[in-house]
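Asks: Keeping their order, the protein sequence lines are chains D and F.
Per this note's numbering, the very first residue in the first sequence carries number 3; after that it's consecutive.
Per this note's numbering, the very first residue in the second sequence carries number 150; after that it's consecutive.
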Amino acid sequence: MATEILMPALSPTMEEGTLAKWLVKEGDTVQSGDILAEIETDKATMEFEAVDEGVIGKILVAEGTEGVAVNTAIAILAEDGEDVSTLEAAAASAEAAVPAVEASSAAPASVAAPEAPTPDLSPDWPEGTPMKSQTVREALRDAMAEEMRADGEVYLMGEEVAEYQGAYKVSQGLLDEFGGKRVIDTPITEHGFAGIAVGAAFGGLKPIVEFMTFNFAMQAIDQIINSAAKTLYMSGGQMGAPMVFRGPNGAAARVGAQHSQDYAAWYAQIPGLKVAMPYSASDAKGLLKSAIRDPNPVIFLENEIMYGRSFDVPDIEDFTIPFGKARIWREGSDVTIVSFGIGMQYALEAADKLAEDGISAEIIDLRTLRPIDYDTVIASVMKTNRCVTVEEGWPVGSIGNHLSATIMQRAFDYLDAPVLNCTGKDVPMPYAANLEKLALTTTDEVIAAVKQVTYR
Amino acid sequence: MAAKRAAKKPNVSGEELTQYYRDMLLIRRFEEKAGQLYGMGLIGGFCHLYIGQEAVVVGLEAATEEGDKRITSYRDHGHMLACGMDANGVMAELTGREGGYSKGKGGSMHMFSKEKHFYGGHGIVGAQVPLGAGLAFADKYKDNGRVTFTYFGDGAANQGQVYETFNMAALWDLPVVFVIENNQYAMGTAQARSTSSQDIYKRGEAFGIPGEMVDGMDVLAVKDAGERAVKHCRAGKGPYILEVKTYRYRGHSMSDPAKYRTREEVQKMREERDPIENVRQMLLTGKHASEEDLKAIDKEIKAIVNASADFAKESPLPDEAELWTDIYA
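Right, here's the structure in full:
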């Protein structure tokens, strides 16, 4: 049976091309792989090969013809022995390339009056729970140790996590308890060991990858985003990467530009990742335990300055904090201050000082940045009518920018002032002590922003 | 080519040879059909065909056991068919349909099958190398005796993460076979223009990883080498490198005008070294099969491939709700 040879698409974007030259003539016998014609696309001149064997019956489009649409019949291929003289030039009945897709029915953004959300305000632990004082460092170690005791597939790998007991002593004692099979010192090779850990997660383990700091995770960011975050989607749900990438993030002290960067907004942008950035020791513990149990890749952003700070931690077994639930540290009525991680320090200090001036600030700690607990923020802003965000990262595309847009969309009519974002300055981190101080956001800046939005 | 050739009188049954012939032919015909569907606009984006390289995956799959894993880059259709994935599901993924292995959400370069232990299908050159070592890490951790075949090309062999991985795989004795599919061109750049030392398999020496060069146009030579590599890994001796010299007949992707090599070079390979023709001659001269037998196989393969194309055309587009699924487990 004769078949039509169709004008091929020779690039992802080609819609038409020039049939520059025929290299066969009517009556020629062709084999699979023989070059039939040269076709000019917008990018190059390409050779067009035969896929089937047969005899060129009729050439339907003459060489030199421009603007030949993809899928136009350009020749008829007869089977060997078929009488080519009886072939009729078939009309180009090109197969529809792709079934029609109905126009996307995305709903237009709602313009109805926004409804006040009902955030989850349940306490993180039952009233009367005994508490103990712990540093953030100890809380993180306990979270890992408890989860490793509970699940043999959880292991820790990273630079200096085992024999050195952790570059910042977070993994202290873990090698002794779990041995070298589960607490693994890696060479200094972030890209490589991050990739190995993602592969191990595909293979059924639950790795905890410690980056000595998140600055070095930039060497590994391709594996974090392209391999860990996207595989579940790309595989249609067949396999993903249940794992945690953790380590100190943001500015430490006097370590200069390459070692002082907050990645909160970077990772919060990536679908497929979850992102936590705790402030207190109880959140560090409860969120890290949740992160290790989570079947998705989690970015867990710690802070070197916070490691030694002590907080009350509930003294109960199996204490976890869920992702996507903010914590209200302090209730207030005049302004909402939203922060996370070390930014909470400035927010809480500012609230104390503002109280002396008679300004009542509500302080919200987001705790996780993907998912974000929008409802708690919106409900608070509907009450206070003013909002200031505080973070250490750079201003462009910051978490504060994103919250500002969300508040505008969901609580525009409730705002009595623009939302202000306190952020790190738009500069690489300088080394000099005075300049470093200027580059970071400060409690005074938070106070000034609150006074601006409360018109004091 | 200084590659090891299979023994003159191969110790292989007619049944096995016929199987290799069938498996290689399926890949070739499938890829020709994929090229055709691409030309018709049914397959979009990037599409990298495996034509010419069939003996590599078919030979190595013959050296595997159930439970062994494989992972590769974006020239992945051959690997999937060779490990037993269904032609319908692969073709429907190429056309981006609901019946595809990734429900149409992955495409040619991103396909997976947990059931067949195929871990992708990765679009970033070289990124699959640490991932493959990680799969082997998990197997060693579980002490289950499994081996992972980690495929990458001569182009990827110049990525830094490959050597980071060699170091750790050797340090930790991971059961991984690194298969360098050297088809001699990294997209349009000939190996000699990109690679300072031509014998890539020797690059393991610096890490204490044994390696050998293999004639990738000879399915029996590939199988032999694969068996040596697997034996090494299963014995707990750590990784092994196979540099398999092969050749792709088609362009790097569908939109490659292929001006970096001559038509004659391709033609010569096709005529003198074709892996399928090679086995075909062995079957005929060894009197394992007649022309009629082979014709029957050709017909059978053509039917499988045509059915896969029909399935891939008829399978519906994914439901629009699929946009929002599989982002989080």
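Even glycine gets a Cβ: it sits at the ideal position worked out from N, Cα and C.
#1: In the DSSP output, which residue or residues are listed as bridge partners for I2 of chain D?
#2: In whole angstroms, what is the alpha-carbon distance linking E471 of chain F and M236 of chain D?
#3: Rounded to a whole number of angstroms, what is the C-alpha to C-alpha distance between D311 of chain D and D375 of chain D?
#4: Give the residues of chain D in contact with I476 of chain F, contact being defined as C-beta atoms less than 8 Å apart.
#5: Residues of chain D with a CB under 7 Å from the CB of E181 of chain F: which are they?
#6: Restricting to Cα atoms, I'd like to know which of D:Y348, D:P116, D:V138 is closest to D314 of chain D.
#7: Tell me where the alpha helix (DSSP H) around P279 of chain F begins and ends.
#8: Using a Cβ-Cβ cut-off of 6 Å (strictly less than) and excluding sequence neighbours within five positions of F180 of chain D, which residues of its own chain qualify?
#9: Rounded to whole angstroms, what's the CA-CA distance from D367 of chain D to V337 of chain D? Just pull it up for me.
#10: Report the start-end ranges of each alpha helix (DSSP H) in the region 316-374 of chain F that is 4 residues or longer and not cut off at the edges.
#11: If distances are taken between C-alpha atoms only, which option among D:P280, D:I223, D:R458, D:E65 comes closest to D359 of chain D?
#12: Does the beta-carbon distance from I476 of chain F to P273 of chain D come in below 7 Å?
#13: Does chain F have any CB closer than 7 Å to the CB of M48 of chain D?
#14: Determine the contact status of G19 of chain D and I41 of chain D, defining contact as a CB-CB distance below 7 Å.
#15: Is G275 of chain F near Q310 of chain F, with beta carbons less than 7 Å apart?
#16: List, in order along the chain, the chain F residues whose C-beta lies closer than 7 Å to that of F195 of chain D?
#17: So, helix, strand or coil for S107 of chain D, using DSSP?
#18: State yes or no: is the beta carbon of L243 of chain F nearer than 7 Å to at least one beta carbon in chain D?
#19: Have a look at V103 of chain D and D225 of chain F and give me their C-alpha separation to the nearest angstrom.
#20: Could you give the distance in angstroms between the alpha-carbon of P297 of chain D and the alpha-carbon of M245 of chain D?
#21: Report the option in D:T43, D:N305, D:V455 whose CA atom is closest to the CA atom of A254 of chain D.
#22: Report yes or no: do three or more beta-carbon pairs, one from the region 151-171 of chain D and one from the region 194-213 of chain D, lie closer than 8 Å?
#23: May I have the straight-line CA-CA distance separating I192 of chain F from I273 of chain F, to the nearest angstrom?
#24: I want to verify the contact list: residues of chain D whose CB lies under 7 Å from the CB of K254 of chain F, in sequence order.
#25: Where P420 of chain D and R412 of chain D are concerned, what is the direct C-alpha to C-alpha distance, given to the nearest angstrom?
#26: In the DSSP assignment, what residue or residues form a beta bridge with D187 of chain D?
#27: Is the separation between the beta-carbon of I301 of chain D and that of F247 of chain D shorter than 7 Å?
#28: When you measure from the CB of A212 of chain F to every non-hydrogen atom of the ligand HEM, does any distance come out below 6 Å?
#29: Can you give me the Cβ contacts of R399 of chain F inside the same chain, cut-off strictly under 6 Å, excluding the 5 residues immediately before and after it?
#30: Could you give the distance in angstroms between the alpha-carbon of A164 of chain D and the alpha-carbon of E140 of chain D?
#31: Leaving aside the five residues before and after L177 of chain D along the sequence, list all residues of the same chain whose C-beta is less than 6 Å from its C-beta, in chain order.
#32: From which residue to which residue does the alpha helix (DSSP H) around F195 of chain D run?
#33: Drop a sphere of 10 angstroms on the beta-carbon of R342 of chain F, count the other beta-carbons inside from all chains shown, and report buried for 16 or more, exposed for fewer.
#34: Identify which residue in F:Y300, F:A319, F:D303 has its Cα closest to the Cα of K289 of chain F.
#35: Cβ closer than 7 Å: which chain F residues qualify as neighbours of M245 of chain D?
#36: For the region 3-25 of chain D, which residues have a beta carbon sitting closer than 7 Å to at least one beta carbon of chain F?
Replies: On the basis of the supplied data:
#1: A query on residue 2 of chain D cannot be resolved here, the shown segment of chain D reaching from 3 to 458 and no further.
#2: One-based indexing of the second sequence puts residue 471 of chain F at position 322. One-based indexing of the first sequence puts residue 236 of chain D at position 234. Answer to the nearest angstrom: the Cα atoms are 12 Å apart.
#3: One-based indexing of the first sequence puts residue 311 of chain D at position 309. One-based indexing of the first sequence puts residue 375 of chain D at position 373. A small correction: the amino acid at residue 311 of chain D is Arg; Asp does not occupy that position in the sequence shown. Roughly 25 Å between the two C-alpha positions.
#4: Translated into the one-based positions of the second sequence, residue 476 of chain F becomes position 327. Result: L234, Y235, P273, G274.
#5: Taking the first residue of the second sequence as position 1, residue 181 of chain F is located at position 32. Neighbours of E181 of chain F on chain D, chain order: S34, V53.
#6: Here residue 314 of chain D is taken as the residue at index 312 of the first sequence, counted from 1. D314 of chain D has its Cα closest to that of D:V138, out of D:Y348, D:P116, D:V138.
#7: The residue given as residue 279 of chain F occupies position 130 in the second sequence. First-last of the alpha helix (DSSP H) with P279 of chain F: 277-291.
#8: Within the first sequence, the letter at position 178 stands for residue 180 of chain D. Around F180 of chain D: M150.
#9: As a working note, residue 367 of chain D is residue 365 in the first sequence. As a working note, residue 337 of chain D is residue 335 in the first sequence. Near 14 Å, if we compare the C-alpha coordinates of V337 of chain D and D367 of chain D.
#10: 340-343
#11: The residue given as residue 359 of chain D occupies position 357 in the first sequence. The shortest C-alpha separation from D359 of chain D is found at D:R458.
#12: By one-based count along the second sequence, residue 476 of chain F stands at place 327. By one-based count along the first sequence, residue 273 of chain D stands at place 271. Their beta carbons are under 7 Å apart, which means I476 of chain F touches P273 of chain D by this criterion.
#13: Locating residue 48 of chain D in the first sequence gives position 46, counting from the first residue. By this cut-off, M48 of chain D is an interface position.
#14: Within the first sequence, numbered from 1, the residue matching residue 19 of chain D stands at position 17. Within the first sequence, numbered from 1, the residue matching residue 41 of chain D stands at position 39. Yes.
#15: What you label residue 275 of chain F is simply residue 126 of the second sequence in a count that begins at 1. What you label residue 310 of chain F is simply residue 161 of the second sequence in a count that begins at 1. Yes, these two residues count as a Cβ contact at 7 Å.
#16: By 1-based counting over the first sequence, the position of residue 195 of chain D is 193. M317, listed in chain order.
#17: Numbered from 1 along the first sequence, position 105 holds the residue referred to as residue 107 of chain D. With a pLDDT of 48 at S107 of chain D, under the threshold of 50, the predicted position of this residue should be treated as unreliable, though the coordinate-derived value follows. S107 of chain D falls in the coil class under three-state DSSP.
#18: As a first step, residue 243 of chain F must be located in the second sequence, where it is residue number 94. No, L243 of chain F does not count as interfacial toward chain D.
#19: Taking the first sequence and counting its residues from 1, one reaches residue 103 of chain D at position 101. Taking the second sequence and counting its residues from 1, one reaches residue 225 of chain F at position 76. At V103 of chain D, the pLDDT of 43 sits below 50, so the modelled position is not reliable; the number obtained from the coordinates is stated separately. Between V103 of chain D and D225 of chain F, the C-alpha separation is close to 28 Å.
#20: Against the first sequence, residue 297 of chain D aligns to sequence position 295. Against the first sequence, residue 245 of chain D aligns to sequence position 243. The alpha-carbon atoms of P297 of chain D and M245 of chain D are separated by roughly 7 Å.
#21: Here residue 254 of chain D refers to the residue found at position 252 when the first sequence is read from its first residue. A254 of chain D has its Cα closest to that of D:N305, out of D:T43, D:N305, D:V455.
#22: yes
#23: As a first step, residue 192 of chain F is located in the second sequence; it is residue number 43 there, counting from the start. As a first step, residue 273 of chain F is located in the second sequence; it is residue number 124 there, counting from the start. Rounded to the nearest angstrom, the two C-alpha atoms are 20 Å apart.
#24: Start at 1 with the first residue of the second sequence, and residue 254 of chain F comes out as number 105. Chain D residues near K254 of chain F: Y235, M236, G238.
#25: Residue numbering aside, residue 420 of chain D sits at position 418 when the first sequence is read from its first letter. Residue numbering aside, residue 412 of chain D sits at position 410 when the first sequence is read from its first letter. Using only the alpha carbons, I get a separation of about 14 Å.
#26: Taking the first sequence and counting its residues from 1, the one referred to as residue 187 of chain D is at position 185. Its beta-bridge partners are D:G160.
#27: Reading the first sequence from its first residue, position 299 is the one you call residue 301 of chain D. Reading the first sequence from its first residue, position 245 is the one you call residue 247 of chain D. Their beta carbons are under 7 Å apart, which means I301 of chain D touches F247 of chain D by this criterion.
#28: Absence of the ligand HEM is noted for the structure shown, with no ligands found whatsoever.
#29: What you label residue 399 of chain F is simply residue 250 of the second sequence in a count that begins at 1. Cβ within range, chain order: L198, I200.
#30: Position 162 of the first sequence holds residue 164 of chain D. Position 138 of the first sequence holds residue 140 of chain D. Rounded to the nearest angstrom, the two C-alpha atoms are 16 Å apart.
#31: Here residue 177 of chain D is taken as the residue at index 175 of the first sequence, counted from 1. Counting only Cβ-Cβ distances below 6 Å, and skipping sequence neighbours, we find A164, V185.
#32: Here the question's residue 195 of chain D lines up with position 193 in the first sequence. Element bounds for F195 of chain D: 192-204.
#33: Your numbering for residue 342 of chain F matches position 193 in the second sequence. R342 of chain F should be labelled exposed.
#34: Numbered from 1 along the second sequence, position 140 holds the residue referred to as residue 289 of chain F. Among F:Y300, F:A319, F:D303, the Cα nearest to that of K289 of chain F belongs to F:A319.
#35: One-based indexing of the first sequence puts residue 245 of chain D at position 243. Residues of chain F passing the Cβ test: none, with the nearest at roughly 10 Å.
#36: L8, P10, A11, L12, S13, P14
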